[in-house]
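First comes the structure, then the notes that go with it.
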Amino acid sequence: MKNKAKKYWHENLKYLFILLSVWFIVSFGAGILFKDFLNQFKLGGFKLGFWFAQQGSIYVFVILIFIYIRLMNKLDKKYGYAE
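So the sequence shown is residues 2 to 84, counted in the numbering used here.
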C-alpha cells in the first residue's frame with residue numbers, strides 16, 4: 002500500500018513538473034526571452050510577444066489546468082483512488 006502511494010505521488014510530481022515547465026516556457030520564454038523574435042508576427046493586431054506576455058500565458062495556464070485534471074483522473078483510476 003505504501004509503495005503504491007509512493008508511485009502515485011512520484012507520477013503526480015512528474016506531471017506537475019512537466020506542466021509547470023511548459024507554463025514557464027510559455028510565460029517567461031515567449032513573453033520575455035523570445036519576445037523580439039515573436040514580435041515579428043501579429044495576432045489580433047498586437048505583436049505576438051506582447052500577446053503572449055499579456056494573454057497567451059493565461060490561456061495556456063487554463064488549458065494546462067484541464068490537462069492536469071485529465072491526467073490526474075487517469076492516474077487516480079490507475080492506482081485505484083478514483084471516486
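We treat Cβ as the ideally placed atom computed from N, Cα and C, and that holds for glycine. All of these numbers come straight from a predicted model, not from anything done at the bench.
Phe-47, DSSP secondary structure in three states: strand
Buried or exposed by the 16-neighbour rule on C-beta atoms within 10 Å, applied to Leu-14: exposed
DSSP three-state assignment for Phe-25, whether helix, strand or coil: helix
Tyr-16 to Met-73 span [Cα, whole Å]: 9 angstroms
Straight-line gap, Asn-40 to Gln-56 (C-alpha atoms, nearest Å): 14 angstroms
Sub-8 angstroms separation of Gly-95 and Phe-35 beta-carbons: Because residue 95 is not part of the residues shown, which for the chain are 2 to 84, the question remains open.
CB contact flag (Ala-54, Gly-81, <8 angstroms): no
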